[in-house]
Amino acid sequence: MPVKTATGDKRAALGLAGVAVRAGARSTLATLWTIDDESSSEFLGELYRQLNAGVTKAQALQRAQLAILAKENRPYFWAPYVLLGNWL
15 MPVKTATGDK RAALGLAGVA VRAGARSTLA TLWTIDDESS SEFLGELYRQ LNAGVTKAQA
75 LQRAQLAILA KENRPYFWAP YVLLGNWL
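Here this note's numbering = 1-based position in the sequence shown + 14.
The structure is reproduced here in structure tokens:
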């Protein structure tokens with residue numbers, strides 16, 4: 015079931031992602047709106063390819079977004095991802 019992991023409430027300002035960072039995760043990737051499984055899988059595959067290439071998390075996120083943007087020009091597919099915590 016797709017969820018908006020950055021959607022929060024009074025108890026968790028940044029939702030599930032914010033809870034993870036407050037609990038000790040150095041960083042986490044969150045989504046601002048519900049996304050489908052296929053586009054998420056493609057995005058995350060590209061994100062991990064970039065991370066394996068040795069770039070920072072912020073650079074990997076940007077490169078993955080640009081790769082998806084080159085294939086699909088609608089923000090629905092590349093724009094919902096937010097990196098929380100340590101960007102390096």
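For every residue, glycine included, the Cβ atom is placed at its ideal position computed from N, Cα and C. Note that the coordinates shown come from a computational prediction; the quantities given were computed from them, not determined experimentally.
Gly38 burial status per 10 Å Cβ neighbour count (16 or more: buried): Here residue 38 is taken as the residue at index 24 of the sequence shown, counted from 1. With fewer than 16 Cβ atoms within 10 Å of its Cβ, Gly38 is classed as exposed.
Closest residue to Glu52 among Leu80, Ala74, Trp92, Gly68 (Cα-Cα distance): Within the sequence shown, numbered from 1, the residue matching residue 52 stands at position 38. Comparing Cα positions, the closest option is Trp92.
Where Gly59 falls: helix, strand or coil (DSSP): What you label residue 59 is simply residue 45 of the sequence shown in a count that begins at 1. Helix, per DSSP.
Residues near Lys24 by beta carbon distance below 8 Å, same chain, minus five either side: Numbered from its first residue, the sequence shown carries residue 24 at position 10. For Lys24, the predicted structure reports a pLDDT of 48, less than 50, and the residue's modelled location is therefore unreliable. A value from the coordinates is still provided. No residues qualify anywhere along the chain.
CB of Ser41 within 8 Å of CB of Leu80, strictly: One-based indexing of the sequence shown puts residue 41 at position 27. One-based indexing of the sequence shown puts residue 80 at position 66. No. Outside cutoff.
Buried versus exposed, by CB contacts within 10 Å (16 or more), Pro89: Mapped onto the sequence shown, residue 89 falls at position 75. Result: exposed.
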